[in-house]
Amino acid sequence: MSKKSELKEVAKLFFKLGSIAFGGPAAHIAMMEDEVVKKRKWMTQEHFLDLVGATNLIPGPNSTEMTMHCGHERAGWKGLFVAGFCFIFPAVVITSVFAWLYQEYGQLPKVEPFIYGIKPAVIAIIIMAAFRLGKKAIKNTELAILGIITLVACLFGVNEIIALFGCGLLGLVIYFSKKNTGNLKSLIPLLLFQVADPSKIGVFKIFLTFLKVGAILYGSGYVLFAFLDTELVANGWLTRQALIDAVAVGQITPGPVLSTATFIGWQMNGITGALAATLGIFLPSFLFVLILNPLIPKMRKSNVIGTILDAVNVAAVALIIAVCVEMAKDTLTDWRTIIIAIASIVVVFVFKKLNSAFIVLGGALIGYLLTFI
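Numbering (the UniProt record's numbering), first residue to last: 1 to 373.
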């Protein structure tokens, strides 16, 4: 296949995922695993796991960074940029529409009936991905124990980043206790920078503010909420209600939750503010992945760093399961959502070749119909 054809294939796939990928990073990564490993075989499950583990160690939106990794694997550095752009684009367009409506009418349109059945269906997709990835990640008893410890820690409220790095450190301790030899090669730390608080909200200032957030953001959408509250609400640039509504838009639209930045940028300075905020918050991810992707195979060849990757991979699977558990507690609130979840689980395990897009669309349709019962 020619490079041009590969780029078209990458663009088509990630535009589709960006248009239907509801449910947050765990769900997005589950859909990617289904598409690029199981269906298209762009890479092995082991390498996909390495990419997931490494992505969890750098700042930025994990699922968006995974699209870039997958695009790079298929079509080189051009594929990285095409995959990232095509995954982000649908969410940015949809969020921009919501931002315009919000600016014009001061409230969000009612979309609950349309997303009622999506999250229960997404739970099934995450369970299948965790099952498949877990089989590859758990290579021995020690890794199984590390995974269980990480899962329990996350369920008891330990910060996901602390759990992830802690699991990697424990894996390293186990490795040295067995080998009692070797030296851990130093890793180049990421430069975290600060931008002075601007006194005036201009397009460039908006860009710099969101560039800073994109460069140092770890964790979930709730962490994003805390960052933006400090940067924007505390400076009087945005009301807290507008921020809450912005985060809600990021949650109910497909694609990366960081499209919240598009909504906020629009409220601050119209369409140019939206473009500046979007570019600022996603640009660091493109740069981080561009630097990191070629290093991962070299990291795997090192016994010490490979050990850390193994532990981090198990921790990543545990994080996916923990997210699934929390999502289930929030989502499965009545008999309708429970029925949709059970039906979706049965479908993904029985019809293993069925595209995850149909699971999402089917859940949305059934959920919409059940809201009238």
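Ideal Cβ placement from N, Cα and C applies to all residues, glycine included.
{"Asked": "Environment of Ser2 [buried if 16+ CB atoms lie within 10 Å]", "Found": "exposed"}
{"Asked": "Trp77 in three-state terms, based on DSSP", "Found": "helix"}
{"Asked": "For Val317 and Ala153, believed in contact at Cβ under 8 Å, the rounded distance", "Found": "Actually they are not in contact, since the Cβ atoms of Ala153 and Val317 sit about 14 Å apart, beyond 8 Å."}
{"Asked": "Separation of Gly280 from Thr209, as counted between CA atoms", "Found": "8 Å"}
{"Asked": "For Phe22, the three-state DSSP class (helix, strand or coil)", "Found": "coil"}
{"Asked": "Integer Cβ distance of Asn303 from Val203, believed to fall under 8 Å", "Found": "So it is not a contact: roughly 49 Å between Cβ atoms."}
{"Asked": "Contacting residues, own chain, Cβ-Cβ under 8 Å from Asp34 (five flanking each side not counted)", "Found": "Ile125, Met128, Ala129, Asn355 and Ser356"}
{"Asked": "Phe303 - containing alpha helix (DSSP H), residue span", "Found": "The question names Phe, but residue 303 is Asn in the sequence shown. From DSSP, the alpha helix (DSSP H) with Asn303 extends over Asn303 to Thr331."}
{"Asked": "Ser344 - DSSP class collapsed to helix/strand/coil", "Found": "helix"}
{"Asked": "Whole-angstrom C-beta distance between Leu258 and Pro25, which should lie under 8 Å", "Found": "No, Pro25 and Leu258 are not in contact; Cβ-Cβ is about 10 Å, not under 8 Å."}
{"Asked": "Outcome for Glu104 when other beta-carbon atoms lying within 10 angstroms are tallied against a minimum of 16", "Found": "exposed"}
{"Asked": "Distance between Ala277 and Lys352 (C-alpha atoms, nearest Å)", "Found": "39 Å"}
{"Asked": "Proximity winner among Tyr116, Phe156, Ile58 and Phe85, relative to Glu326 (alpha-carbon distances)", "Found": "Phe156"}
{"Asked": "Alpha helix (DSSP H) segments (min. 4 residues) lying fully within the stretch 244-283", "Found": "none"}
{"Asked": "Beta-carbon separation (whole angstroms), Trp42 vs Glu73, contact threshold 8 Å", "Found": "5 Å"}
{"Asked": "C-alpha distance - Ser285 paired with Leu133, whole-angstrom precision", "Found": "24 Å"}
{"Asked": "Nonlocal neighbours in the same chain, by C-beta distance under 6 Å from Ile58, ignoring five residues either side", "Found": "Phe288"}
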